[in-house]
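Novice: This note's numbering puts the first residue of the sequence shown at 5, with every later residue one more than the last. To start, I am sharing the structure in question, which I have written as structure tokens.
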Amino acid sequence: MDQSRKFIRTFDAFPKIPSSQEVRSSRGSLSSIMTYVFMLFLLWVEIGGYIDGYVDHQFSVDEIVRKDLRINLDMIVAMPCNYIDTNVRDTTDDRFLAAELLNYQGTTWNIPRWFFESDKKTVTPELEEVLGRSVIAEFSQKGVHMDGGQPACRIYGYVPVNKVRGDFHITAKGFGYRDRTITPREALNFTHVITEFSFGEFYPYLDNPLDMTIQTTDQQLQTFQYQLRVVPTLFKKLGLEVDTNQFSTTSTSSSGKYVPGIFFKYDFEPIKLIVEEKRLSFFQFTIRIITIFGGIMVIASWLYKLMDKLILITLGREFLKRGEEKKDGGLLDAVEDFEKI
């Protein structure tokens, strides 16, 4: 039993070189210090990452069955409200008169100052930004039409649409659909400013690709088309969830080829993006630290050997031995009989 305990105490899975055979050098000391400092820096970075967590992006099949959702809209068109018509048509050939729910408000036309002061840049929103701005709002009224004889029209509110490929469009009365009112050609002007355009719940503080954009034209029969690809997106952090929809957009315009108006052609992707903040378990964190430190030690030893090889090849053996401790005698001399050359 005593022999077993003695064996366990003296057992070393990684046999070391006897101290009498070691050769110390200033280069080795410097490389060791640099390695340990680098390891401490990485440890500090990893601890910070462990506390803060990380953001994970995953795509999955959208398992939530939704028959419909909203289009949230707030924009100004440079035409009087009494000449404007809004409709929705989708692949089921279902037509919805959006004007019954949207609000029309006559207003003056001018290009907003922010259009000249800022450059619109579409970026993927950060998780913290989405959670901080995820305040659900509702439009205070719907289906209210107030023309007031103004030269432009503000259109705002929401429209429920089927969750299938469709087309929301703004046209002039008498163009595209039969109507008792025929819009005079000289009144046609589909220059417009979009303040809000989004899908799903209305989050007024979240930025979308078409928010704060403007399209201008001096052609009366101008057609603007937006192609939208909608991706359901779920943001998650510490039990908080924000279920919304992101979309990409491309736009084209032409004059005299199609029905004049503003067309938003949208389609929904069958996948869902999940953006979630996660943290490693303490066990995973420990294994990660051990793995990183082990890799650093191995790479540091390789680099040290490579440096010695390069010094030996370029500067010679005598330069390589500078800064080393060397014994005067043979291998049987005492360990303390060293001198530094």
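Quick reminder that beta carbons are idealized off the backbone N, C-alpha and C, glycines included. What you are looking at is a predicted structure, and each value in this text was computed from that prediction instead of being measured.
Grouping DSSP H, G and I as helix and E and B as strand, with all else coil, what is E200?
Specialist: Strand.
Novice: Do you know how far the Cα of K282 is from the Cα of P213?
Specialist: Taking the straight line joining both Cα atoms gives about 27 Å.
Novice: Span of the beta strand (DSSP E) holding E245?
Specialist: L244 to S259 is the span of the beta strand (DSSP E), which, as asked, contains E245.
Novice: With N76 and Y209 assumed to form a contact (beta carbons below 8 Å), what rounded beta-carbon distance in angstroms separates them?
Specialist: That belief does not hold up - the Cβ atoms of N76 and Y209 are roughly 13 Å apart, past 8 Å.
Novice: According to DSSP, what are the bridge partners of K269?
Specialist: Paired residues: D171 and Q231.
Novice: At what residues does the beta strand (DSSP E) containing P164 begin and finish?
Specialist: A156 to N166 is the span of the beta strand (DSSP E), which, as asked, contains P164.
Novice: Please classify I266 as buried or exposed, where buried requires at least 16 other C-beta atoms within 10 Å of its C-beta.
Specialist: Buried, since its Cβ has 16 or more Cβ neighbours within 10 Å.
Novice: Can you name the residues that DSSP bridges to P236?
Specialist: DSSP, once it has assigned bridges, lists N249 as partnering P236.
Novice: Please report the distance separating the alpha-carbon of V246 from that of D312.
Specialist: Near 57 Å, if we compare the C-alpha coordinates of D312 and V246.
Novice: Give the straight-line distance between the Cα atoms of D215 and T295, rounded to the nearest whole angstrom.
Specialist: For D215 and T295, the distance between alpha carbons rounds to 47 Å.
Novice: Is the beta carbon of K276 sitting closer than 7 Å to the one on D72?
Specialist: Taking 7 Å as the Cβ cut-off, K276 and D72 do not qualify as a contacting pair.
Novice: When the Cα atoms are used, what is the spatial distance from M152 to Q224?
Specialist: According to the sequence shown, residue 152 is Gly rather than Met. In a straight line, the C-alpha of G152 is about 23 Å away from that of Q224.
Novice: Taking the C-alpha atoms as reference points, what is the distance between T290 and F297?
Specialist: Their backbone Cα atoms lie some 11 Å apart in a straight line.
Novice: Alpha carbon to alpha carbon, how far is G110 from I55?
Specialist: About 53 Å.
Novice: Could you check the C-alpha separation between K177 and D60 for me, to the nearest Å?
Specialist: Each residue's Cα considered, the two are about 49 Å apart.
Novice: Tell me the residue span of the beta strand (DSSP E) that contains D89.
Specialist: D89 -> beta strand (DSSP E) spans I88 to D94.
Novice: Measuring alpha carbon to alpha carbon, tell me which of Y308, Y87, A304 and L319 ends up nearest A191.
Specialist: Looking at the Cα atoms, Y87 is the closest of the given residues.
Novice: Going by beta carbon distance, what residues of the same chain come within less than 8 Å of E264, once the five residues before and after it are set aside?
Specialist: Looking at the sequence provided, one finds Pro at residue 264 rather than Glu. Excluding sequence neighbours, P264 sits near T175, A176, F179, L192, F194, Q224, L225, Q226 and T227.
Novice: So, is G52 buried or exposed, given that buried needs 16 or more other C-beta atoms within 10 angstroms?
Specialist: Its Cβ having fewer than 16 others within 10 Å, G52 is exposed.
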